[in-house]
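Counting along the sequence shown from 1, when you hit position 145 you're at 168 in the numbering used here, and nothing is skipped either side. Glycine included, each C-beta is placed from N, C-alpha and C at the ideal position. Predicted model, so just to flag it, every value in this text is computed and none were measured. Below: the structure, in structure tokens.
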Amino acid sequence: MSEEHLTLEPLGDKLIAYFFERMISEKTLKRNAVMQVSGDENVIAFTYKTNGVRVGCKYRSIGKKFWQDRGTEKSLYGLDDIKEAAEIIIVEGEIDKLSMEEVGFSNCVSVPSGAPSKVSAKELPSLEKASRIILATDGDAPGEALAEELARRLGKDKCWQVSWPKKDTFNYFKDANEVFVIAYFANSL
């Protein structure tokens with residue numbers, strides 16, 4: 024698959040600003056080959072790679088609608104980043120993976136769309152090498168269910184689950200990006 028086939032181009036100013044509001048730098052976006060659909064600054068293209076080769080693309084509109092190219096291989100987003108990692112962090116979305124990288128955790132991957140029906144044989148060697156897997160899924164009911172399912176599949180003895188901090192008396196932060204943005208602004212004051 025090539026960028027031309029997927030009709031992608033580098034991010035324009037509108038989407039760079041969108042990511043800037045989420046505290047994700049252009050450097051991180053470029054390293055992860057985050058692009059946009061040609062001529063459409065409302066659609067983000069997260070390119071999925073395995074061994075440096077593009078195997079698919081997941082799209083996200085600004086309005087939070089998601090879709091993938093037909094034939095896109097289901098794999099972890101950022102799979103190449105964990106090849107030699109002894110400790111791996113698994114998050115629930117591409118933006119959370121990018122947020123983790125912003126704070127120094129490049130050993131992070133995102134599941135493609137919730138709990139996969141099975142762990143791909145291509146991903147097993149990377150996951151089996153890890154001595155510890157940190158599950159940093161969303162802090163909602165689906166995220167909790169995903170963490171439980173991943174721990175069951177990957178081995179509960181080597182999985183640790185993140186509990187996101189409280190943001191007020193009744194609510195917890197939802198995910199890595201939300202914590203990162205709030206922490207960034209709190210430290211900026």
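| task | Classify Lys81 as buried or exposed, calling it buried when 16 or more other Cβ atoms lie within 10 Å of its own Cβ. | result | Walking along the sequence shown from the start, residue 81 turns up at place 58. With 16 or more Cβ atoms within 10 Å of its Cβ, Lys81 is classed as buried.
| query | Which first and last residues belong to the alpha helix (DSSP H) in which Ser61 is found? | reply | Residue mapping note: residue 61 aligns to position 38 of the sequence shown, counting from 1. Counting along the chain, Ser61 falls outside any alpha helix (DSSP H), and DSSP gives it neither H nor E.
| task | Specify, as a first and last residue, the run of the beta strand (DSSP E) that Tyr71 falls within. | result | As a working mapping, residue 71 is identified with position 48 in the sequence shown. Tyr71 -> beta strand (DSSP E) spans Val66 to Thr73.
| task | Indicate whether Ser84 and Asn55 have their beta-carbon atoms separated by less than 7 angstroms. | result | For the purposes of this step, residue 84 is taken as residue 61 along the sequence shown, with counting starting at 1. For the purposes of this step, residue 55 is taken as residue 32 along the sequence shown, with counting starting at 1. No, the pair does not count as a contact, with Cβ atoms beyond the cut-off.
| said: Since Lys197 and Gly162 should fall inside the 8 angstroms C-beta cutoff, what is the C-beta to C-beta distance between them, to a whole number of angstroms? | reply: Your numbering for residue 197 matches position 174 in the sequence shown. Your numbering for residue 162 matches position 139 in the sequence shown. Correct: roughly 5 angstroms between the Cβ atoms.
| message | Run through the DSSP bridge pairs and tell me what Lys189 is partnered with. | response | The residue you call residue 189 lines up with position 166 of the sequence shown. Paired residue(s): Tyr195.
| Which residues does DSSP pair with Val76 in a beta bridge? | Taking the sequence shown and counting its residues from 1, the one referred to as residue 76 is at position 53. Partner(s): Thr73.
| field | Lys120 burial status per 10 Å Cβ neighbour count (16 or more: buried) | value | On the sequence shown, position 97 is the one that residue 120 refers to. Buried, since its Cβ has 16 or more Cβ neighbours within 10 Å.
| query | Considering only C-alpha positions, which residue in the set Pro135, Asp103 and Ser149 is nearest to Asp92? | reply | Here residue 92 is taken as the residue at index 69 of the sequence shown, counted from 1. Minimum Cα distance to Asp92 is reached at Pro135.
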